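For reference, the structure discussed in these notes is given below.
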Amino acid sequence: MTITVNTESSEGYRHSIQVDDHHFFTDLPKSAGGEGTAPEPHDYFDAALGACKALTLKLYAQKKNIPLTGVTVEIKHDNSEEPKGKYALHVKLTLKGVLTDAQREELHRVADRCPIHKLMTTSEVTIETHLSEGAFSQ
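Per the working numbering, the sequence shown starts with residue 1083, numbered consecutively.
Below you can see the structure in the form of structure tokens.
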């Protein structure tokens, strides 16, 4: 799978994002000089965590026959110390369904074991950026 990000116009910061057959956008907020027409990249980073927790919980509950009918994940970030290498995410889980206290605690533990949570907190991520060659790279 390849994710492709393309500039929409030479004047603004809005970009299109293509992931397989899915198409969405990113922009900077007005406070940073953008038009605020789409989520900024940090929002997608945060949303990846929320989506992964929700999907992981639904899948786990289904496999374990836990009567979870839905999940709401609310994420707030604190990026005030990002220049110092700290980015804090505060996650609030709302578990829906008739659940026992034990089931709620079990699901709470499972939420922190979703693949994106692990990736964000325990993995060493390496990034290699290369310039493309050819007529369009000038």
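Backbone N, C-alpha and C fix where the C-beta goes; we use that ideal spot for every residue, glycine too. No experiment lies behind these values; they were computed from the predicted model shown.
- For Val1173 versus Leu1131, is the C-beta spacing smaller than 9 Å? Position 91 of the sequence shown holds residue 1173. Position 49 of the sequence shown holds residue 1131. Yes. Within cutoff.
- Short check: CB of Gln1100 to CB of Thr1089, under 9 Å? Residue 1100 sits at position 18 when you count from the first residue of the sequence shown. Residue 1089 sits at position 7 when you count from the first residue of the sequence shown. In this structure, Thr1089 does not lie closer than 9 Å to Gln1100 by Cβ.
- Message: Our contact map puts His1199 next to Lys1135 with C-beta atoms below 8 Å; I'd like the distance itself, whole angstroms only.
- Response: As a position in the sequence shown, residue 1199 is number 117, starting the count at 1. As a position in the sequence shown, residue 1135 is number 53, starting the count at 1. Right, their Cβ atoms sit about 7 Å apart.
- Query: Does DSSP put Glu1206 in a helix, in a strand, or in coil?
  - Reply: The residue labelled residue 1206 in the question sits at position 124 within the sequence shown. Correct three-state label for Glu1206: coil.
- Item | Endpoints, the beta strand (DSSP E) within which Asp1234 is located | Since the displayed the chain opens at 1083 and closes at 1220, residue 1234 lies outside it and no answer follows.
- Message: If you reduce the DSSP assignment to three classes, tell me which class Ile1148 lands in.
- Response: If you number the sequence shown from 1, residue 1148 lands on position 66. Three-state DSSP puts Ile1148 in coil, outside helix and strand.
- Query: Three-state secondary structure (DSSP) at Thr1037?
  - Reply: The structure shown does not extend to residue 1037, since the chain is modelled only from 1083 through 1220, so no value can be given for it.
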